[in-house]
Structure formats: C-alpha cells, structure tokens
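Colleague: FYI, in full-length UniProt numbering the residues of the sequence shown are 1 to 283. A virtual CB, placed ideally from N, CA and C, is assigned to each residue, including glycine.
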Amino acid sequence: MNRLAYMRVGSLAEARQALALPGSIALAGGTTVTDLAKLDVLMPDRLVDIMGIPGLDGIAVEAGRLRIGALARMADVARHGEVRRLAPAIAASLECAASAQIRNMATMAGNILQRTRCAYFRDPASYPACNRRTPGSGCAAIGGVTHNHAILGVTDACMASYPGDLAIVLAALDAVVHTDARDIAIGDLFAEPGSGTETILAAGEIVTAVSVAADAGAARSSYLKVRDRQSYEFAAVSVALAVDLTRDQPDIRVAVGGVATRPWRLPAVEAALRAGPPSRERL
Ligand SMILES: Cc1cc2nc3c(=O)[nH]c(=O)nc-3n(C[C@H](O)[C@H](O)[C@H](O)COP(=O)(O)OP(=O)(O)OC[C@H]3O[C@@H](n4cnc5c(N)ncnc54)[C@H](O)[C@@H]3O)c2cc1C
Ligand code: SF4
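1) Going straight from the alpha carbon of residue 76 to that of residue 281, what length do you get?
2) For residue 192, which option in 10, 208, 159 and 176 has the closest C-alpha, if you only look at C-alpha atoms?
3) Taking a contact to mean a Cβ-Cβ separation below 8 Å, would you say residue 61 touches residue 214 in this structure?
4) Check whether the region 86-94 touches the region 35-44, counting contact only when three or more Cβ pairs, one atom from each stretch, lie closer than 8 Å.
5) With DSSP collapsed to three states, give me the class of residue 221.
6) Please determine whether the Cβ atom of residue 149 lies at a distance below 7 Å from any heavy atom of ligand 2.
7) Among 5, 86, 209 and 119, which one has its Cα closest to the Cα of residue 19?
8) Does the Cβ of residue 23 have 16 or more other Cβ atoms within 10 Å, making it buried, or fewer, making it exposed?
9) So, is residue 27 buried or exposed, given that buried needs 16 or more other C-beta atoms within 10 angstroms?
10) Looking at residue 207 and ligand 1, is the gap between the Cβ and the nearest heavy atom below 7 Å?
11) Below 6 Å CB to CB, which residues in the same chain sit around residue 99 once its five sequence neighbours on both sides are set aside?
12) Run the proximity test for residue 124: is its beta-carbon closer than 7 Å to any non-hydrogen atom belonging to ligand 1?
13) Starting from the C-beta of residue 57, find all residues in its chain whose C-beta is less than 6 Å away, skip the five residues before and the five after it, and write them out in chain order.
14) Just list the residues that DSSP pairs residue 115 with in beta bridges.
15) Can you name the start and end residues of the beta strand (DSSP E) that residue 322 belongs to?
Given below as structure tokens:
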C-alpha cells in the first residue's frame with residue numbers, strides 16, 4: 001500500500017475542491033476503498049472522507065418518491081420503516097449483502113459504486129493484464145477460472161460480473177441516481193465493461209442520493225439471492241422483481257445480478273410475464 005494523505009471535508013463545495021486534486025478518491029464507509037488500496041488495485045494519493053458532509057444520509061418521501069441519501073449506512077436503510085414499507089426489495093437486498101459489520105459502515109453510494117470481485121482484477125502483482133485496472137492491458141481471466149464471471153453483457157475486453165445486490169433492485173425499480181451535478185437513470189450509470197471507466201460519473205462527481213417512485217410496483221417488490229453459502233457471500237445469481245397488478249396492464253419489472261457485467265434488466269421476461277400467468281411455454 002502506498003503512502004497517502006487523509007482529508008475530511010464538511011461540505012459538498014470542499015469535497016469538490018479536494019476531489020479535483022490529482023490522485024484524490026472519495027472515501028465513504030471505506031470498505032471497498034481501503035480493501036482495494038491494501039491490494040494495490042487502487043493507489044490514491046489522497047482519501048477525501050465525505051462522511052462529514054451534512055444532509056446526505058437522510059431518508060424521506062418527497063413528491064411521490066422514496067429518496068435515500070448517498071451516505072446513509074446500509075444497516076440503517078435496511079431497518080428503516082418507510083423503506084421496508086415502500087420498497088421492501090431494497091431492504092431485502094441490503095440485509096443479504098456482506099456482513100453485519102460491513103453493513104454498519106458501508107453506504108448506499110459506496111455499495112452501488114463498489115468494484116468487481118474478479119480475482120484477477122484484485123491481484124495486480126500476479127496478474128498485470130486487466131482492462132479494468134489498466135485499459136488496453138488485456139484480460140487475465142480469459143482461459144482462467146471464471147465460474148464467478150458474467151454470462152450477460154460480456155465484451156472482448158472484460159467478462160467480470162457486477163457484484164452488488166442493491167443496484168439489482170434499483171434497476172428493477174427504475175431508480176434515479178442523484179449527483180451534485182445531475183440526475184442519472186440507474187440503467188445509464190454503468191459504463192461498457194473494460195472501457196477504462198466503471199460508470200459515467202465524471203472525476204470528482206459526488207453521488208448525493210438515490211430515489212425510486214413510491215408506487216405499487218416498489219411496494220410489491222422482492223429480492224432473491226442464491227449464493228455458495230448463506231452469509232457473507234456475493235450472489236451466484238439474484239433476481240429483483242417489482243410487480244404492480246393494480247393497473248389494467250400489469251407492470252412487471254425483472255432484473256438479475258451475479259451473472260451480468262452490470263445490473264441487468266430482462267425485457268423479454270417482463271413482456272412474457274405481462275402477457276399472462278407464467279407457464280413453461282410462455283417463458
Ligand atoms: C467480505 C465482503 C463481502 C461483501 N459482500 C457483499 C455482498 O454480498 N453484496 C454486496 O452488495 N456487497 C458486498 N460487499 C461490498 C460492500 O457492500 C461494499 O464494500 C460497500 O457497500 C461499499 O460501501 P462504502 O461506503 O464502504 O464505500 P467506499 O469503500 O467508501 O467507496 C466505494 C467506492 O464508491 C466511491 N464513493 C463512495 N461514496 C461516493 C459518493 N457519495 N459519491 C461518489 N463516489 C462515492 C468511492 O470513491 C469508491 O470508489 C462485500 C464486501 C466485503 C469486504
Ligand atoms: S474479467 Fe475484467 S476485471 Fe477480470 S481480469 Fe478480465 S478485464 Fe480484468
């Protein structure tokens with residue numbers, strides 16, 4: 001791990017200034033950043049601790065939307081009454097993610113922006129080739145052990161799966177990610193795998209909140225995660241569902257995790273389910 005500076009900021013303006021300095025990285029709960037810095041995957045010159053920025057950890061219902069602050073801790077969101085009532089799948093995805101200790105530290109934005117768990121990505125000393133770490137360097141996973149890699153959204157540059165749970169639910173709920181500069185539909189957030197950038201966020205852009213419509217689909221949402229062991233494990237495959245049968249035309253949204261390079265919606269499955277009760281032929 002390289003020597004680095006630590007800075008704590010108290011406002012968005014201070015954070016913007018600090019993150020504009022070369023070699024700066026935003027630090028929230030730190031459970032991904034410190035992990036990857038210790039592995040020399042990330043080699044920041046400066047960690048900019050944004051947890052002291054006031055007003056970014058609230059949970060509120062505003063104009064028909066459930067809005068959750070970027071710095072709200074995973075554990076606090078998972079047990080929040082309005083989250084459980086208005087979007088139970090969000091709570092479910094957080095409850096089955098990581099460990100209790102990590103959920104007590106880690107934040108909403110940090111969870112969404114976590115990096116892949118590809119073993120080759122996480123071991124730069126043994127595997128220098130990785131287009132995600134060093135664009136154009138190749139992919140050490142090709143021909144290697146890939147049982148945890150993606151089968152959907154793979155490119156010649158990268159086949160790493162997106163590891164998070166929360167963003168799968170956010171994809172099914174058509175969430176919006178709010179930053180200090182703009183609003184981004186969750187489906188537009190993630191960049192092409194191996195393109196040299198993980199998301200479309202600009203350098204130093206700060207996520208301030210995430211919101212979902214507090215509608216019937218969110219209220220009837222659920223999340224199912226299958227993993228190699230029952231705790232402390234990433235998804236082998238997971239499914240988020242949002243179902244609204246109160247309309248003339250049922251609204252059914254489905255996203256999968258663990259098997260794709262980014263949170264992955266299944267429009268053909270959604271169309272088949274909207275067309276009538278599931279049957280072997282229809283699916
Ligand atoms: C052993 C282990 C098991 C795990 N299992 C799971 C699991 O099963 N499911 C799952 O979903 N996750 C799992 N995780 C991942 C864990 O949930 C993430 O590490 C955590 O959510 C990251 O949140 P954080 O606040 O600590 O982020 P940080 O480490 O602080 O930041 C993560 C990234 O987000 C950026 N960032 C953070 N906040 C902002 C912001 N507001 N604006 C802009 N950029 C920002 C940082 O710069 C960094 O790039 C696991 C982690 C570990 C170590
Ligand atoms: S699959 Fe992606 S993250 Fe893994 S080694 Fe290849 S390029 Fe890197």
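Modeller: Checking against the coordinates, here is how it stands:
1) 43 Å
2) Looking from the CA of residue 192, the closest CA among 10, 208, 159 and 176 belongs to 159.
3) One thing to note: residue 61 has its Cβ within 8 Å of the Cβ of residue 214.
4) no
5) strand
6) Correct: residue 149 has its Cβ closer than 7 Å to ligand 2.
7) Looking at the Cα atoms, 5 is the closest of the given residues.
8) exposed
9) buried
10) yes
11) For residue 99, where only same-chain residues beyond five positions count, the Cβ hits under 6 Å are 232.
12) no
13) 69, 71 and 72
14) Note: residue 115 sits in no beta bridge, so no partner.
15) Since the first residue shown for the chain is 1 and the last is 283, residue 322 is missing from the structure and cannot be characterised.
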